[in-house]
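Notes to accompany the following structure.
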Amino acid sequence: MTSVRSWSRTAVAILALATAVGCSSDSGDGGPKPGGLDRVDEAPSLKPLTLAPTPLWTGAVAFPDFHPDSVGLHGDAAVLASQNRLVVADLANGRQRWAYKKNEPLRGGAGATFQDYADEPVLADPPPPPVVGRDGDWSVLGLYEHRFCPWAPDCTPEQRDKTDEFGLAALSGRDGTIRWKFPFVPTRSKREGATVTLNEQYPLRADDRTAAIGYKRDGVVRMAAVDAATGAKLWETDAVRPAAIAGDVVLAYRVVPNSDDPGPVVAFDRTTGQQRWEAQGRPLKSPTLQVVNGAVLIPIDDGPQRQHAVVVDTRTGERVADLDPDGGMLSLNCVGDRETLLACTVMRPDGDLLTSFRTDERKARVSTKAVPGYQKPEGAWRGMVFLADIHAKGDKPIAVDRSANPLGAALPGVPLAVSDQHVVFDVGGATGIAVYRRSP
Numbered sequence: 001m002t003s004v005r006s007w008s009r010t011a012v013a014i015l016a017l018a019t020a021v022g023c024s025s026d027s028g029d030g031g032p033k034p035g036g037l038d039r040v041d042e043a044p045s046l047k048p049l050t051l052a053p054t055p056l057w058t059g060a061v062a063f064p065d066f067h068p069d070s071v072g073l074h075g076d077a078a079v080l081a082s083q084n085r086l087v088v089a090d091l092a093n094g095r096q097r098w099a100y101k102k103n104e105p106l107r108g109g110a111g112a113t114f115q116d117y118a119d120e121p122v123l124a125d126p127p128p129p130p131v132v133g134r135d136g137d138w139s140v141l142g143l144y145e146h147r148f149c150p151w152a153p154d155c156t157p158e159q160r161d162k163t164d165e166f167g168l169a170a171l172s173g174r175d176g177t178i179r180w181k182f183p184f185v186p187t188r189s190k191r192e193g194a195t196v197t198l199n200e201q202y203p204l205r206a207d208d209r210t211a212a213i214g215y216k217r218d219g220v221v222r223m224a225a226v227d228a229a230t231g232a233k234l235w236e237t238d239a240v241r242p243a244a245i246a247g248d249v250v251l252a253y254r255v256v257p258n259s260d261d262p263g264p265v266v267a268f269d270r271t272t273g274q275q276r277w278e279a280q281g282r283p284l285k286s287p288t289l290q291v292v293n294g295a296v297l298i299p300i301d302d303g304p305q306r307q308h309a310v311v312v313d314t315r316t317g318e319r320v321a322d323l324d325p326d327g328g329m330l331s332l333n334c335v336g337d338r339e340t341l342l343a344c345t346v347m348r349p350d351g352d353l354l355t356s357f358r359t360d361e362r363k364a365r366v367s368t369k370a371v372p373g374y375q376k377p378e379g380a381w382r383g384m385v386f387l388a389d390i391h392a393k394g395d396k397p398i399a400v401d402r403s404a405n406p407l408g409a410a411l412p413g414v415p416l417a418v419s420d421q422h423v424v425f426d427v428g429g430a431t432g433i434a435v436y437r438r439s440p
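Numbering (UniProt numbering), first residue to last: 1 to 440.
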């Protein structure tokens, strides 16, 4: 369950009003619709999220000094992460199994210290902490550094001769010990020549088979693909940084010289590193691409007031749909359920509409109904879209289907992670997160 958060409501509303007249087409069924997209107005068919009356535990009780940015569920464990802290806890009661804070020594790391899981803040909620493996044999991926001589007066001559090491580590889901390390800036002897400088690290993207890590080393941006089971390097390439992993390809942004803006999305074979395709258009500066089975949603910037959300086939790079073909009306709130559904809201003077793409249909649709109030997509799970007004005080998030039909009662907060048995909500304030058991 992933999401892309919006510009401010005011900025998007101004954009919508400025472009609505010139970019709308008459649908003949109650108002304009984006680019002639087919309407969808189905009867509710998805089972709503029903919850136990009270949470199993809350962040205020289990971790009063820690408010995670992202959450992942794996079996009977919850993996909680912020920029500077990683916690694995029992899902049933919140009891901590193990944890690391930034710069804390890693168990089995021989002096290596935990850093973070390297994700970009700002425009989007970070994706869940990268977990690889299945059942009881799983690991959490994180970054480490090893400074061999952090305090010179206490160092031996051998330690003084070593340069610092930076890399990616797999941490056992059971106890946090290191299973493997991949040093993308390996240590070396200073006597061998000039030291290697790590300038920057980019977001890590991973699935059960492959991890992709980006970094700038000695002024050159590189991306390496690593076997998630062993830490062995599969391949490395220059001038791109990781964006997502989708099927048999690793998606990356080309680096734009002298700019932080992303370049075109490029797909590399996940095994060989051979380039498969390059998408047309310049992506918007959005940290997370939404990926479902065989498709990726890429927000494209076609110039002032000309933004689109295009769906691209991950096997061929072909554009198969546009969730806002008029352009300029996209609110940047786009979500994916990781299986079959991609969805965005588009601005209209008479109310926001929900546009969607399902992989079984391979076409974009738009809801006849407007989404309630000022709600925006904050996540998706198995065909349902979670809406919330991030600027409101008191309005509870809700779940809807792709026709914008409300599904069940209001939710206690914004869902951060959903499984068949549990939901983790961000309820805000001092409570932080709340973990609920789902009821039949």
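No residue lacks a Cβ here, since even glycine has one placed at the ideal position from N, Cα and C.
Proximity to G75 across A370, Q275, V131 and G408 peaks at V131, based on C-alpha coordinates.
Rounded to the nearest angstrom, the gap between the Cα atoms of Y253 and L297 is 14 Å. Burial check for A409: the Cβ neighbour count within 10 Å stays below 16, so the residue is exposed. With a minimum length of 3 residues, the unbroken runs of beta strand (DSSP E) contained wholly in the segment 340 to 394 fall at 341 to 346, 353 to 358, 363 to 370, 376 to 381 and 384 to 388. Exclusion of the five residues before and after T50 leaves G408, R438, S439 and P440 as the residues of its chain whose Cβ lies within less than 8 Å of its Cβ. Assignment of E158 by DSSP, reduced to helix, strand and coil, places it in the helix class.
Only buried fits P325, as 16 or more other CB atoms lie within 10 angstroms of its CB. By the 16-neighbour rule on beta-carbons within 10 angstroms, R95 is exposed. As for any beta strand (DSSP E) of minimum length 3 sitting wholly inside the segment 81 to 110, the runs are 85 to 90 and 96 to 101, ordered along the chain.
One thing to note: R107 has its Cβ within 9 Å of the Cβ of T177.
Note on geometry: alpha-carbon atoms of N258 and L353 lie some 37 Å from one another.
In the three-state DSSP reduction, G59 falls in the helix class (H, G or I). Remark: C-beta atoms of L416 and V71 approach each other more closely than 9 Å.
An exposed status is given to E200, since fewer than 16 other beta-carbon atoms sit within 10 Å of its beta-carbon. Within the DSSP secondary-structure output, P283 pairs in a beta bridge with I300. In this structure, the beta-carbon distance from R358 to L342 falls below 9 Å.
For K233, the enclosing beta strand (DSSP E) stretches over residues K233 to D238. Here DSSP, grouped into helix, strand and coil, assigns P64 to coil.
CA-CA distance, A267 to A239, rounds to 13 Å. Looking at the backbone, the Cα of E378 and that of D426 are separated by about 11 Å.
Taking the Cβ atoms as the reference, W381 lies roughly 5 Å from D337, within the contact range of under 8 Å. According to DSSP, E200 shares a beta bridge with K216. Boundaries of the beta strand (DSSP E) harbouring Q290: Q290 to V292, taken from the DSSP string. The Cβ-Cβ distance between H146 and D164 falls below 9 Å.
Restricting attention to R205, H308, D38 and L56, the CA atom closest to the CA of T431 is found in L56.
Selection S356, V255 and Q83 evaluated against L143 yields Q83 as nearest (Cα-Cα). D227 is bridged by DSSP to T210.
For V311 and K47, the gap between their C-alpha atoms comes out near 27 Å. Here G219 is exposed. Its C-beta has fewer than 16 other C-beta atoms within 10 Å.
Ranked by Cα distance from Y374, the first of K396, A364, G383 and R365 is K396. Under the criterion of beta carbons closer than 8 Å, F182 and K233 qualify as touching, at roughly 7 Å. The criterion of a C-beta distance shorter than 9 Å is satisfied by D401 and P44. The secondary-structure analysis by DSSP pairs P242 across a beta bridge with A252. Considering only D302, E236 and D301, the residue with the shortest C-alpha distance to Q274 is E236. The Cβ atoms of A99 and P129 do not sit closer than 9 Å to each other.
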